[in-house]
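All remarks here apply to the structure that follows.
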Amino acid sequence: MLAATSLRRATRVVLSRSPAAGANGAAQQHVHRRGYHENIIEHYENPRNVGSLDKNDDDVGTGLVGAPACGDVMKLQIKVDENGNIQESKFKTFGCGSAIASSSVATEWVKGKHVDDVLAIKNTDIAAHLKLPPVKLHCSMLAEDAIRAAVNDWKAKKEAKKAAA
Amino acid sequence: MDPRVLDKMMPYMVGNVTIGSYGNPHSRTHSYGWEAETAVEAARSQVASLIGASPKEIVFTSGATESNNLSIKGAAHFYGSSSAPVPSSASGGGGGGTGKARRHLITTQTEHKCVLDSCRSLEQEGYDVTYLPVQASTGMVDVEELGSVMRDDTLLVSVMAVNNEIGTRQPIEEIGKLCRSRKVLFHTDAAQMLGKLPIDVNAMNIDLMSLSSHKIYGPKGIGALFVRRRPRVRLEPLFSGGGQERGLRSGTLPHALCVGFGAACELARREMGYDEEWVRHLSDRLCAGIEERIPMVIRNGHTEHRYPGCVNYSFAYVEGESLLMALKNVAVSSGSACTSASLEPSYVLRALGVDDELAHGSLRFGIGRFTSEEEVEFLLDLLEEHVSRLREMSPLWEMVQEGIDLKSIQWSQDAHHH
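Protein chains in written order, with UniProt numbering: chain A, 1 to 165; chain B, 1 to 418.
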């Protein structure tokens, strides 16, 4: 099937306080956070631009990428003004912390830019910014796809409107 | 680890309480060795009495993984090549076999990786293995179906007692009875059952049973294999060497670890009733809390035939790893490290027929002797808050709220993901 599927991990929470570890939350946090870069955690805990724009609005482009079976679905939306500049961007993501962080970064980076310029945003830039580990690189690829899909949707709407006029 | 276990081990690790406590348990020529040997034999008795076995039937190993390998490969290599009949008490402890080599094994799709991988390695050597499916959603083995896939040349059935991911307790009494009547060896991985639910190897007709120390608050790095003596079950050892442990497991025993494992068994034997009641109480509280406070959750595994200390839920439209990140203030353990280190979706949940997207949103919770009510409440608060937060962030949840059927959507299958 899809490669992304094999990148998911079995997760387990053990509800036990081992006598040696003690109940100190800080120590446990440290252990748990090992492996996640602080940039990822920061965006996961305080994601920017979560929400939805009216997908029926002519000025809004919507990109929906990924698949539930793979464990990642990203919806990224842009609201574009008459000059082609992105005024606003929102996202919703079903996926791991790295996927949420990648979408969050993508919405921040597209805001204020021209639709043609955002196509230059590469997954490698997002991955580098978040210090994504190799097994999470597909999250940044998905974010790049989401930007493209949103721009294409907006362009298609504009074309359709022009044809109708 | 239980601190009471560590107390018992310390003298054998530092050697400052009894003379010679750091001796080699296999050395018979000096008193240091005698002391260590005595301690190991006492531990062996403690392990045996927890499962209704004789101490002579206990082989110390490095843990359940080694025990599973030794059982499956050892039995297959012995009975698969020597044409020796599989022993059976039904026929008076003697033959009953056809005399021809047996080359077929049966296990289930939800076994631990080390069982599945041992079977795969036997397949490479030319053995036949049947991977029995389990019943949807409960994960139970259908005993009738098991009987129907047995063949004349079936040598061993391996079914775990309690599943480590979903807590389902298999009908091992019935499986044992069936195997005995069909003269097939019965191996069970009881790492998750030992010390938590009562085990009697004779009443359950178990021939081989893998045990682990650290699952019952003992030290890591030690476990055991129960090998039935009457009728005698033969195995080809995995290791060549000095012939320790009745020739089945060469290598010097780590006697301090044996002592710790024995002490953990002794504690489990005395406190099993108390532990079970406590774990059940917390488990009921956790499950009731999740089901009352969080909509759209699905419990995986059997609702009755189960060990309550292992609870598995799917939180629809939330991805499990993102939820796990939110539970950072709960002790997060690698538990069965071999599973959580692998980056694959849960094959156990898949075997149960759980939808992929739900399998991606599944978490398992372990409750044990040292879990407190406060921890359960704390976890429930975190779960309620973060499942809700992540759903607000989930495009799938949004679509479902809008009345869109997710199955009707043509999901993009981008080139990156092939």
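Glycine included, C-beta positions come from ideal geometry on N, C-alpha and C.
This one's a predicted model, so the numbers in the text were calculated from it and none came from an experiment.
Beta carbon of residue i nearer than 7 Å to that of residue j
i	j	result
Ser394/B	Tyr317/B	yes
Ala43/B	Cys258/B	yes
Val400/B	Phe365/B	no
Ile166/B	Phe186/B	no
Arg102/B	Tyr79/B	yes
Ala351/B	Val134/B	yes
Val227/B	Val184/B	no
Asp59/A	Lys90/A	no
Cys96/A	Ser412/B	no
Arg229/B	Glu57/B	yes
Gly301/B	Thr168/B	yes
Ile294/B	Val387/B	yes
Leu119/A	Ala127/A	no
Chain-order list of residues whose beta-carbon lies under 6 Å from that of residue i (same chain, five-residue window excluded)
i	result
Leu282/B	Ile367, Thr371 and Val376
Leu327/B	Leu382
Ser91/B	Residue confidence is low: Ser91/B scores 40 on pLDDT, short of 50, so the model does not pin down where it sits. Its coordinate-derived value is still stated next. So no residue of the chain qualifies.
Gly66/A	Asp72, Val73, Met74 and Leu142
Ala101/A	Ile40, His43, Tyr44 and Leu130
Asn85/A	His114
Leu70/B	Leu225 and Leu238
Ile404/B	none
Glu276/B	none
Leu53/A	Val60, Gln77, Lys79 and Lys90
Ala146/A	Gly63, Val65, Met74 and Leu76
Cys179/B	Val157 and Phe186
Glu108/A	Arg48
Cys338/B	Confidence is the limiting factor: at Cys338/B the pLDDT is only 30, short of 50, which leaves the residue's position unreliable, though a coordinate-based value still follows. Hits under 6 Å: Lys113.
Own chain partners of residue i with C-beta closer than 8 Å, once the 5 adjacent residues on each side are dropped
i	result
Arg182/B	Gly147, Met150 and Thr154
Lys55/A	Thr62 and Gln77
Ala359/B	Ser314, Pro345, Ser346, Leu349 and Arg350
Glu373/B	Leu282 and Arg285
Met140/B	Val134, Thr168, Gln170, Pro171, His302 and His305
Arg389/B	Ala326
Expected contact under 8 Å - CB spacing of residue i and residue j to nearest Å
i	j	result
Pro198/B	Phe261/B	Pro198/B to Phe261/B, Cβ: 19 Å. No contact.
Val5/B	Tyr217/B	6 Å
Ala264/B	Asp7/B	Not quite, the Cβ-Cβ distance comes to about 12 Å (not below 8 Å), so this is no contact.
Tyr347/B	Val162/B	With a Cβ gap of about 17 Å, Tyr347/B and Val162/B do not count as contacting.
Glu145/B	Leu132/B	7 Å
residue 166/A	Arg48/A	Chain A is shown only over 1 to 165; residue 166/A falls outside these bounds and no answer can be derived.
Leu253/B	Pro11/B	Going by Cβ atoms, the distance from Leu253/B to Pro11/B rounds to 16 Å, so no, they are not a contact pair.
Ala224/B	Thr38/B	At roughly 18 Å, the Cβ-Cβ gap does not stay under 8 Å, so Ala224/B and Thr38/B are not in contact.
Glu119/B	Thr108/B	Before going further, note that residue 119/B is Cys rather than Glu in the sequence given. Going by Cβ atoms, the distance from Cys119/B to Thr108/B rounds to 10 Å, so no, they are not a contact pair.
Leu248/B	Leu235/B	6 Å
Leu105/B	Ala76/B	6 Å
Asp200/B	Asn68/B	Going by Cβ atoms, the distance from Asp200/B to Asn68/B rounds to 21 Å, so no, they are not a contact pair.
Leu363/B	Ile290/B	Rounded, the Cβ-Cβ distance is 10 Å, inconsistent with contact.
His255/B	Ala36/B	5 Å
Gly195/B	Leu50/B	6 Å
Beta-carbon proximity list for residue i, same chain, < 7 Å, skipping 5 on both sides
i	result
Ala191/B	Ala64, Ser210, Leu211, Ser212 and Lys215
Met204/B	Ile172, Glu173 and Gly176
His30/A	For His30/A, the predicted structure reports a pLDDT of 39, less than 50, and the residue's modelled location is therefore unreliable. The matter cannot be settled from this model.
Gly25/A	Below a pLDDT of 50, predicted positions are generally treated as unreliable, and Gly25/A, at 38, falls in that range; the measurement from the model is reported next regardless. Nothing meets the Cβ criterion.
Arg391/B	Tyr317, Val318 and Trp397
Arg280/B	Pro308
Gly251/B	Phe239, Gly241 and Gln244
residue 420/B	Any question about residue 420/B goes unanswered here, given that chain B covers just 1 to 418.
Proximity test, Cβ basis, 7 Å: residue i and chain C
i	result
Ser412/B	You won't find chain C in this structure, because its protein chains are A and B.
- the stretch 296–325 of chain B: positions lying closer than 7 Å to chain A by Cβ: Tyr317, Glu319, Gly320, Glu321, Ser322, Leu324 and Met325
- Minimum length 3: unbroken beta strand (DSSP E) runs contained in the stretch 150–210 of chain B: 154–158 and 185–189
- Every unbroken alpha helix (DSSP H) inside the stretch 356–390 of chain B [4 residues or more]: 356–359
- Query: Taking any Cβ of chain B, which residues in the stretch 75–96 of chain A have a Cβ under 9 Å from it, in chain order?
  - Reply: Lys75, Phe91, Lys92, Thr93, Phe94, Gly95 and Cys96
- May I ask you to list, following chain order, the residues of the stretch 93–119 of chain A that have a beta carbon less than 8 Å from some beta carbon of chain B? Thr93, Phe94, Gly95, Cys96, Gly97, Ala99 and Ile100
- Task: Pull out every residue of the stretch 40–52 of chain A whose Cβ sits closer than 8 Å to any Cβ of chain B, in chain order.
- Result: Ile41, Tyr44, Pro47, Val50 and Ser52
- Curious, which full-length alpha helix (DSSP H) runs of at least 4 residues does the stretch 261–342 of chain B contain? 320–326 and 337–340
- Item | Sequence ranges, alpha helix (DSSP H) only - wholly within the stretch 82–136 of chain A, length at least 4 | 97–110, 115–118 and 123–130
- Message: Along the stretch 345–359 of chain B, where does the CB come closer than 7 Å to a CB of chain A? Name the residues.
- Response: Pro345, Ser346, Asp356 and Glu357
- With 8 Å as the limit, tell me which residues of the stretch 138–156 of chain B have their beta carbon closer than that to any beta carbon of chain A; keep them in chain order. none
- Within the UniProt domain "Aminotransferase class V" (3–77) of chain B, note down every full alpha helix (DSSP H) run reaching 4 residues or more, in order along the chain. 3–14 and 31–51
- Contact set between the stretch 122–142 of chain A and chain B, restricted to residues whose Cβ is under 7 Å from the partner: Val135, His138 and Met141
- Short-range partners of chain A found in the stretch 396–409 of chain B, where Cβ spacing is below 7 Å: Leu396, Glu398 and Leu406
- Select from the stretch 255–272 of chain B all residues with a C-beta closer than 8 Å to any C-beta belonging to chain A, and list them in chain order. none
- Query: Mind pulling the alpha helix (DSSP H) runs of 4 or more residues that sit fully within the stretch 95–128 of chain B?
  - Reply: 113–124
- Message: Please identify, using Cβ separations under 8 Å, the residues of the stretch 57–69 of chain A that lie next to chain B, in order along the chain.
- Response: Leu64, Val65, Gly66, Ala67, Pro68 and Ala69
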